[in-house]
Every structure is written in C-alpha cells, then in structure tokens.
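A.B. asks: In my numbering, each number is its position in the sequence shown, counted from 1, plus 1.
Glycine included, C-beta positions come from ideal geometry on N, C-alpha and C.
Note that the structure is predicted; figures quoted are calculated from it, not measured.
Here it is, the structure, as structure tokens.
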Amino acid sequence: LGAACGRAAAAMAPKRAPAGEAKPSQKKARSGVERSPTPRAQGEAGRGAFKVLAWNVAGLRAALRGASPLLQRVVQAEAPDLVCLQEHKLQEKHVPEVEPELLRLLPGYDAHWACSAPPARLGYSGVVALVKRAGGAEGARQAFFQKASEKKKLAGKGPAITFGLGRPDRGYAAEGRAITAEYGDFFVVMVYVPNSGNELKNIDRRLGEWEADMRAYLRELDAKKPVVLVGDLNVAHLDADIWNCGAKHLAKSAGTSPQEREAFARLLRECDMVDTFRHLHPEAAGVFTYWSQRANNRPVNRGLRIDYAVASRRLVEAAQGPAVFDAFVLDGECNGLSDHCAVGCSLHLAQ
2 LGAACGRAAA AMAPKRAPAG EAKPSQKKAR SGVERSPTPR AQGEAGRGAF
52 KVLAWNVAGL RAALRGASPL LQRVVQAEAP DLVCLQEHKL QEKHVPEVEP
102 ELLRLLPGYD AHWACSAPPA RLGYSGVVAL VKRAGGAEGA RQAFFQKASE
152 KKKLAGKGPA ITFGLGRPDR GYAAEGRAIT AEYGDFFVVM VYVPNSGNEL
202 KNIDRRLGEW EADMRAYLRE LDAKKPVVLV GDLNVAHLDA DIWNCGAKHL
252 AKSAGTSPQE REAFARLLRE CDMVDTFRHL HPEAAGVFTY WSQRANNRPV
302 NRGLRIDYAV ASRRLVEAAQ GPAVFDAFVL DGECNGLSDH CAVGCSLHLA
352 Q
C-alpha cells in the first residue's frame, strides 16, 4: 500500500521542467492601467506666477528619515510658492525638533503647523504649510542671522495664516486639518479631509459636519476673493478617477461611496468651483494620486485620484486678474515617499 501511495503521489506531482527550460509561472501577472499623457503648461513670459503643491506624506518623520532626497528633489524641481504637506502626524511638542530638519531640507520657506490636540487623537492627521520666503533660500540664509524683531517684520510680509474652517466647536477642529493662506488677490485653503472609515462608520460626521462646514467656509471666502482649495480630499469624484470603477465593494468603501462622490459634486456646484486638473485635462485616464500599499498597486497603476487642486470658477475663466494656467499630478516623480503623490496648480498673477 505504501508503494502504491508513493506511485500515486508521484503521478499527481507536477512534472519538473527539463534542465535549462524555464518553469511555468505559478502566479498570473496583474494587468496594469495605462496612463494618459498630461503635458504641463508654461506661464506667459514676463508675467508673474504663483504655484501651490500639496502632498500627503503619511507621516513626516518617516518621510524625512527614509525619503528626504525625494521630497527635496520634487520641491526643488517645482519651486512652489506654497507647499502643503498633509498627514504629518506630529504633536505640537514634536514641532521644535522636526521643523529645523524640514527647513534645512527645504530652505527658503517659513513653516506654519496645524497639529492634533486634546481631545482629538494625538499624533494623527495634521497639516503644515510651507510659505516661500521673499528671496527664497538666500532670504532664509540671511534671516538666520537677523534679530528676532527683524524676523517678525519679515514674516509679516507673507500671507496671513489662519487655522480651521471657522467652527472651533466641531470635533474635527482639534485634529489639525485645515490652514488658510490669504494672499493679495486670492486665498489658498489647505486641507486633509477626514476619512469615512471602514464600512463608512464615520460618514455621517464627514458629510454632516466637515463637508457642510467646508462648503460654508469656501463660500464665505469666495465672497471676498477667489479661492484655491488643495489637499487630500479623500474622494474619487468621477468614474475616471477610480481604476476599478464598477466593482461592487466601492459603494461601501471610504472615498468611493456614492454619498461622498455626490458631496464633492455638490461642493463644486454650490461653491462655483472647478477641479483644475480635470478642467485642463478632461479626457485624461489612468491618472491617480493614491495607490494601496497593502495590495502593492502602485507598480501596476491601480489607484484612485483623491488629491486635488480646486479653484473658484473665475480663476479658470478669468480674462483679467489671477488665472489658473497649469494643473499637475506628479505620479511619476513621487514614487517612494508615501502612498500618495503630489498635486498642485499654477496661476498667473494679476497684471
């Protein structure tokens, strides 16, 4: 019986490939999603421009420890006037330790921090705005040797910085999720939108508080001057923003639920705003800003576009005044720092 079992096992065992012949693959290769080309636009010669770049770094300490050359390379290449890093995960007590390291890496900027604080979960979420100093890196070098009083005067020349969405009574207000920079002709609102959670357990709070408050806040600002909204908005708006659109689980998944997608459409509609990337690249396909690391989806470009630069409609249709001329998704340049890539837009300034 033992010999018979042995012969049967041998018969059922997979045959070995002859020497020198490749073994058949046991794992079917996953198909990738092709990306459309999205050429960048150049500004008009002789006309001033402003660029904002936003990037969810999924933990700033880890980014500085493991991918600081990449962060530095992207910021140096783009030379934005304003950088927004989301989900830095720092508490206020950590800022004095981390900020010098960040500014050594990215000289020429002043940092403004929004951090989670009690009663919110500590070391969670968080946004930092890096405002380019007048004179850039050289200005920063000179400022290092200035007196504190002189630094204060210099800092006063930058944009006015405020925090939150104007509702300090809300639970999310302590989570450090929003910073606004007011420039002469426009506002830039930088956000890290709350995730609706597993099985959409937080969706009522997301839609009933955050989304409603953000719409009211943007309308309030837009009544004064146009607005640019940037950051991780945690929603894939259109079918083209989802690699596997039509999958059954999407309706119950954070960021792809019908409720969240409609909330984003409502924001654009009620605040009279435009998704700048989609406006400039309406037919773009396979352009994503987030890829699941757990599923190893980045190598095959199976992602979602959930990070945006959104602008008041008059910024994309303006004949005069500030106007958006470029919007970008840096998916090819940003691989290796987090599960997101940087996004942003550029505006011509008023003449």
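Please say whether D205 and Q87 have beta carbons closer to each other than 8 Å?
C.D. replies: no
A.B. asks: Would you check if there are 3 or more beta carbon pairs closer than 8 Å linking the region 206 to 226 to the region 42 to 54?
C.D. replies: no
A.B. asks: Between which two residues does the beta strand (DSSP E) carrying Q87 extend?
C.D. replies: 83 to 87
A.B. asks: Starting from H250, follow the beta strand (DSSP E) in both directions and report where the run begins and ends.
C.D. replies: Segment: none, H250 is in no beta strand (DSSP E) and carries neither H nor E.
A.B. asks: Any idea which residues DSSP pairs A161 with across the strands?
C.D. replies: E183
A.B. asks: Taking the DSSP output, what are the residues bridged to I243?
C.D. replies: Bridge partners of I243: L305.
A.B. asks: Exposed or buried, which one is L348 when buried takes at least 16 other CB atoms within 10 Å?
C.D. replies: buried
A.B. asks: Can you name, in chain order, every residue of its own chain whose Cβ lies under 6 Å from the Cβ of L131, other than the five neighbours on each side?
C.D. replies: V84, Y110, A112
A.B. asks: Could you tell me the boundaries of the beta strand (DSSP E) in which A115 lies?
C.D. replies: First-last of the beta strand (DSSP E) with A115: 110 to 115.
A.B. asks: Would you mind sorting K202 into buried or exposed? The rule is 16 or more other CB atoms within 10 Å of its CB.
C.D. replies: exposed
A.B. asks: Have a look at L239, Q294, V53, V317 and flag the residue whose alpha-carbon is nearest the alpha-carbon of Q260.
C.D. replies: L239
A.B. asks: Quick one: Cα of A200 to Cα of L251, how far?
C.D. replies: Correcting the residue type first, residue 200 is Glu in the shown sequence and not Ala. Straight-line Cα distance between these residues: approximately 11 Å.
A.B. asks: Drop a sphere of 10 angstroms on the beta-carbon of E139, count the other beta-carbons inside from all chains shown, and report buried for 16 or more, exposed for fewer.
C.D. replies: At E139 the pLDDT is 47, less than 50, meaning the model places this residue with poor confidence and gives no usable figure here.
A.B. asks: In this structure, how does DSSP classify D170 when only helix, strand and coil are distinguished?
C.D. replies: D170 falls in the coil class under three-state DSSP.
A.B. asks: How long is the line joining the alpha carbons of K154 and G185, rounded to whole angstroms?
C.D. replies: Low per-residue confidence applies at K154: pLDDT is 38, beneath 50, and the placement is therefore not dependable, though the value from the model is reported in the following sentence. K154 and G185: Cα-Cα distance of roughly 18 Å.
A.B. asks: Look up H238 in the DSSP assignment and say whether it is helix, strand or coil.
C.D. replies: Secondary structure of H238 (DSSP, three-state): coil.
A.B. asks: Measuring straight from C-alpha to C-alpha, what distance separates T181 and I162?
C.D. replies: 6 Å
A.B. asks: Just to confirm before moving on: does the CB-CB distance between A286 and T257 stay below 8 Å?
C.D. replies: no
A.B. asks: Quick one: using the 10 Å Cβ neighbour count with 16 as the cut-off for buried, is E212 buried or exposed?
C.D. replies: With 16 or more other CB atoms across the displayed protein chains lying within 10 angstroms of its CB, E212 is buried.
A.B. asks: In three-state DSSP terms, what is N57?
C.D. replies: strand
A.B. asks: Using only the alpha-carbon positions, how far apart do A343 and A248 sit?
C.D. replies: 26 Å
A.B. asks: Below 8 Å, how does it come out for the region 118 to 127 and the region 167 to 183: are there three or more Cβ pairs, yes or no?
C.D. replies: yes
A.B. asks: Give me the Cβ distance between A328 and T277, rounded to the nearest whole Å; I'm assuming they're in contact under 8 Å.
C.D. replies: 4 Å
A.B. asks: Quick one: measure Cβ to Cβ for G33 and N302, integer angstroms, because I've assumed they're closer than 8 Å.
C.D. replies: 5 Å
A.B. asks: Please name the residue, chosen from K52, Q92, L65, L331, that lies closest to D308 on a Cα-to-Cα basis.
C.D. replies: L331
A.B. asks: By Cβ distance, which residues of its chain are closer than 8 Å to E271, with the 5 residues on each side in sequence left out?
C.D. replies: R216, R220
A.B. asks: I'd like the list of long-range same chain contacts for E35, defined as Cβ closer than 8 Å, with 5 residues on each side in sequence excluded.
C.D. replies: A286, G287, N302
A.B. asks: With C-beta atoms as the reference, is F289 less than 8 Å away from L305?
C.D. replies: yes
A.B. asks: Where S197 and Q352 are concerned, what is the direct C-alpha to C-alpha distance, given to the nearest angstrom?
C.D. replies: Just so you know, the alpha carbons of S197 and Q352 end up roughly 42 Å apart.
A.B. asks: Between the C-alpha atoms of P119 and A174, what's the straight-line distance to the nearest angstrom?
C.D. replies: 10 Å
A.B. asks: Please name the residue or residues paired with C346 in a DSSP beta bridge.
C.D. replies: V53, A328
A.B. asks: Anyone know if the C-beta pair for H341 and A59 falls short of 8 Å?
C.D. replies: yes
A.B. asks: Apart from the five residues just before and just after D214, which ones in its own chain have a Cβ nearer than 8 Å to its Cβ?
C.D. replies: L166, G167, R168, R171
A.B. asks: Near G159, what residues of its chain come up, given a Cβ to Cβ distance below 6 Å and the 5 sequence neighbours on each side ignored?
C.D. replies: Excluding its 5 nearest sequence neighbours in each direction, G159 has C-beta neighbours in its own chain below 6 Å: V132, listed in chain order.
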